[in-house]
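Asks:
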Amino acid sequence: MTAVETWNQPHSGKDRIEPFKRATAAVIRALSGKPGAAVTFASHASYRENQPAGAPEPAAQLPAPPPDLNPVTAAPLRGRADGLALTLRYHDEGTHRRYRPQGENARAVFDAVEEVRVEALGVRCLPGVAANLAAALDQRCQAFTDCQTADDIPLAEAIRLMARQTVAGEKIPASGRHMVELWQPLLDARVEKCLKALRACVGDQRLYSETARQLIADLDLADELGEMQTCPDGETPEGEDDGEDQAPGEGEMEAEPGAAEMDSAETGEEAGDGVASEVDESLPPVGAEQPATAKRHATPGDNLGDYNTPAYRAFTADFDEVIAAESLCTDEEMTRLRLNLDDQIAHLQNIIGRLANRLQRRLLAKQSRAWEFDLDDGLLDSSRLARIVANPLNSLSYKMEKQTDFRDTVVTLLIDNSGSMRGRPIAVAAISADILALTLERCGVKVEILGFTTRAWKGGESREHWVEAGKPP
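Position one of the sequence shown corresponds to residue 0 (numbering that gives the first Met the number 0), numbered consecutively onward.
(1) Work out the CA separation of Glu114 and Arg106 for me, nearest whole Å.
(2) Measure the CB-CB distance between Arg77 and Thr165 and report whether it falls below 9 Å.
(3) Are the CB atoms of Ala426 and Asp415 within a distance shorter than 9 Å?
(4) Whether or not the stretch 194 to 204 and the stretch 149 to 165 are in contact is what I'm after, with contact meaning three or more pairs of Cβ atoms, one per stretch, closer than 8 Å; do they touch?
(5) Between Arg99 and the rest of its own chain, which residues show a CB-CB distance below 7 Å, the 5 nearest in sequence each way excluded?
(6) Where does Ala29 land, buried or exposed, given buried means 16+ other C-beta within 10 angstroms?
(7) Mark Asp375 as exposed unless 16 or more other C-beta atoms lie within 10 angstroms of its C-beta, in which case mark it buried.
(8) Taking the C-alpha atoms as reference points, what is the distance between Cys328 and Arg139?
(9) Here's the rule I'm using: 16 or more other beta-carbon atoms within 10 Å means buried, otherwise exposed. How should Gln183 be labelled?
(10) State the Cα-Cα distance for the pair Ser174 and Leu132, rounded to the nearest angstrom.
(11) How would you label Ile473, buried or exposed, when you count the other beta carbons within 10 angstroms and need 16 or more for buried?
(12) What's the C-alpha gap between Arg357 and Val446?
(13) Beta-carbon within less than 7 Å of Ile344's beta-carbon, same chain only, minus the 5 sequence neighbours each way: which residues are those?
(14) Could you work out which residue in Thr408, Pro471, Phe451 is closest to Gly443 when comparing CA atoms only?
(15) Assuming Thr144 and Leu181 are in contact, meaning their beta carbons sit under 8 Å apart, how far apart are those beta carbons, in whole angstroms?
(16) Going by C-alpha to C-alpha distance, which of Ala134, Leu214, Leu85 sits closest to Gly202?
(17) What span of residues does the beta strand (DSSP E) with Phe451 cover, start to end?
(18) In angstroms with no decimal places, state the Cα-to-Cα distance between Ser326 and Glu332.
(19) Please state whether the Cβ-Cβ distance between Ala58 and Ala37 is less than 9 Å.
(20) By the 10 Å Cβ neighbour count, where 16 or more other Cβ atoms means buried, how is Leu392 classified, buried or exposed?
(21) Around the Cβ of Lys470, are there at least 16 other Cβ atoms within 10 angstroms (buried) or fewer (exposed)?
(22) How would you call Lys401, buried or exposed, if buried means at least 16 neighbouring beta carbons within 10 angstroms?
(23) Mind checking who Val427 pairs with in its DSSP beta bridge?
(24) Could you tell me the alpha carbon to alpha carbon distance between Gly352 and Met420, rounded to whole angstroms?
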């Protein structure tokens with residue numbers, strides 16, 4: 000479905016943004032069949048909509064439109080909007096969570112083929128949706144144009160393209176053909192058989208999910224499947240929460256991220272501009288029934304928790320390398336990435352200042368202070384005030400604070416740079432690390448930012464040696 004065209008009007012890109020937002024929000028509500036859906040716009044938004052259990056209204060979050068909005072830059076955003084709308088219409092989160100694997104790579108494949116399923120249901124009767132989804136996928140594939148080997152491309156992205164071709168009957172975009180060509184020799188005929196089976200059950204999410212798990216097993220990821228959740232359909236398995244669940248307030252339509260988003264986290268007040276907040280509900284609900292064992296008195300050692308388990312140790316460090324960032328990309332690329340990051344956090348500068356002031360006050364409160372007493376000049380010692388009143392000529396009635404060196408502090412930020420972090424997760428990590436670094440540096444705390452990854456997919460040579468050794472603990 001296509002939003003109302005405004006390109007022929009004599010307005011700049013910025014003037015088109017608000018009408019475009021309103022039209023896109025209306026499209027999502029109409030296409031999803033949920034007129035009460037809350038639609039928000041933010042600098043970073045997840046491609047796949049996640050809705051917390053019990054939320055009053057479904058939520059959809061999209062990236063903020065670019066300042067130079069035009070038909071070319073709008074098409075991918077429309078595709079993401081259509082994808083979210085189709086997810087709201089055809090996707091059942093309870094069924095998805097029940098069948099969703101536990102391993103990271105298996106989950107990525109499972110999520111990808113489910114996105115293909117809901118999109119396939121939409122493109123069958125809506126050509127405009129098919130064109131928008133193709134534009135969004137083309138933009139997604141452009142991030143992998145420089146990849147030379149299959150190890151540089153996440154398996155889930157290659158499966159997404161192959162599944163879209165087989166299940167939805169849509170052509171692979173030109174920007175994604177080399178991705179399939181690199182992975183095709185590594186995937187045997189069993190994968191093709193499973194993809195055809197997925198096409199046959201695209202209208203039944205439960206059967207489709209079972210077939211998707213078989214596909215994951217055929218990809219040699221059976222050890223990541225885990226046990227299926229045993230709970231009634233539509234209910235969230237106990238103890239499982241999605242960290243990206245969005246819960247915008249009722250009546251919201253769209254909002255840009257800004258200070259209110261950070262203020263709500265700092266003051267505990269709900270942001271007034273309708274920015275969706277990310278909620279992590281890891282604690283049990285208030286009033287939940289506690290097991291009978293909780294009534295017993297605590298004994299020594301109860302609070303050790305996981306400390307009673309053996310300490311973590313690396314299986315091998317034979318393949319470890321320490322590489323400077325300058326050797327991984329050119330100066331031009333680093334400058335471009337730096338400018339892009341600066342643009343993303345420009346609206347958070349006032350937040351950085353407030354955080355720095357709060358942190359600095361806390362650090363200064365912990366600083367040890369010492370005074371020198373019985374001095375001839377300095378600050379008047381209030382404990383000697385009575386003596387001064389009795390005889391103003393009395394000496395040694397002043398004090399002065401000693402010069403004390405503030406304790407040097409260094410903080411290391413370690414970021415996962417593996418392929419699974421590609422897209423929104425690594426962008427959020429980069430923004431968070433930059434804000435933390437700027438805040439700490441303003442407080443005189445030295446910061447270093449490190450990243451880690453493996454040279455090859457699925458753990459690299461270290462994992463291969465670990466498997467060959469019998470997977471020792």
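All residues carry an ideal CB built from backbone N, CA and C; glycine is no exception.
Replies: Per the coordinate set shown:
(1) Mapped onto the sequence shown, residue 106 falls at position 107. Mapped onto the sequence shown, residue 114 falls at position 115. Computed Cα separation, rounded: 12 Å.
(2) Here the question's residue 77 lines up with position 78 in the sequence shown. Here the question's residue 165 lines up with position 166 in the sequence shown. With respect to Thr165, Arg77 sits apart: the two C-beta atoms are not nearer than 9 Å.
(3) If you number the sequence shown from 1, residue 415 lands on position 416. If you number the sequence shown from 1, residue 426 lands on position 427. Going by C-beta atoms, Asp415 is not nearer than 9 Å to Ala426.
(4) Yes, since at least three Cβ pairs between the stretch 149 to 165 and the stretch 194 to 204 fall closer than 8 Å, the two stretches touch.
(5) To locate residue 99, count along the sequence shown from 1; it is residue 100. Excluding positions up to five away in sequence, the list reads Arg106, Phe109.
(6) Mapped onto the sequence shown, residue 29 falls at position 30. So Ala29 ends up on the exposed side.
(7) Taking the first residue of the sequence shown as 1, we reach residue 375 at position 376. Per the 10 Å Cβ criterion, exposed.
(8) Numbered from 1 along the sequence shown, position 329 holds the residue referred to as residue 328. Numbered from 1 along the sequence shown, position 140 holds the residue referred to as residue 139. The alpha-carbon atoms of Cys328 and Arg139 are separated by roughly 21 Å.
(9) Position 184 of the sequence shown, counting from 1, holds the residue named residue 183. Result: exposed.
(10) Start at 1 with the first residue of the sequence shown, and residue 174 comes out as number 175. Start at 1 with the first residue of the sequence shown, and residue 132 comes out as number 133. Their backbone Cα atoms lie some 14 Å apart in a straight line.
(11) Absent from the structure is residue 473, since the part of the chain shown begins at 0 and ends at 472.
(12) Against the sequence shown, residue 357 aligns to sequence position 358. Against the sequence shown, residue 446 aligns to sequence position 447. For Arg357 and Val446, the gap between their C-alpha atoms comes out near 18 Å.
(13) Your numbering for residue 344 matches position 345 in the sequence shown. Contacts found: Ile430, Asp433, Ile434.
(14) Position 444 of the sequence shown, counted from the first residue, corresponds to residue 443. The shortest C-alpha separation from Gly443 is found at Thr408.
(15) Numbered from its first residue, the sequence shown carries residue 144 at position 145. Numbered from its first residue, the sequence shown carries residue 181 at position 182. Contact between Thr144 and Leu181 is absent: CB atoms are separated by about 12 Å, not below the 8 Å threshold.
(16) Within the sequence shown, residue 202 is the residue found at index 203, counting from 1. If you compare the alpha carbons of Ala134, Leu214, Leu85 with that of Gly202, the shortest gap goes to Leu85.
(17) Locating residue 451 in the sequence shown gives position 452, counting from the first residue. Its beta strand (DSSP E) spans residues 445 to 451.
(18) On the sequence shown, residue 326 is found 327 positions in, with the first residue counted as 1. On the sequence shown, residue 332 is found 333 positions in, with the first residue counted as 1. Cα to Cα, Ser326 sits roughly 12 Å from Glu332.
(19) By one-based count along the sequence shown, residue 58 stands at place 59. By one-based count along the sequence shown, residue 37 stands at place 38. Yes, Cβ-Cβ distance for Ala58 and Ala37 is below 9 Å.
(20) If you number the sequence shown from 1, residue 392 lands on position 393. Leu392 comes out exposed.
(21) Reading the sequence shown from its first residue, position 471 is the one you call residue 470. Counting Cβ neighbours within 10 Å, Lys470 comes out exposed, since fewer than 16 surround it.
(22) Sequence index remark: in the sequence shown, residue 401 carries index 402 (1-based). Exposed, since its Cβ has fewer than 16 Cβ neighbours within 10 Å.
(23) Indexing the sequence shown from 1 puts residue 427 at position 428. According to DSSP, Val427 bridges with nothing at all.
(24) Indexing the sequence shown from 1 puts residue 352 at position 353. Indexing the sequence shown from 1 puts residue 420 at position 421. Distance between the alpha carbons of Gly352 and Met420: 29 Å.
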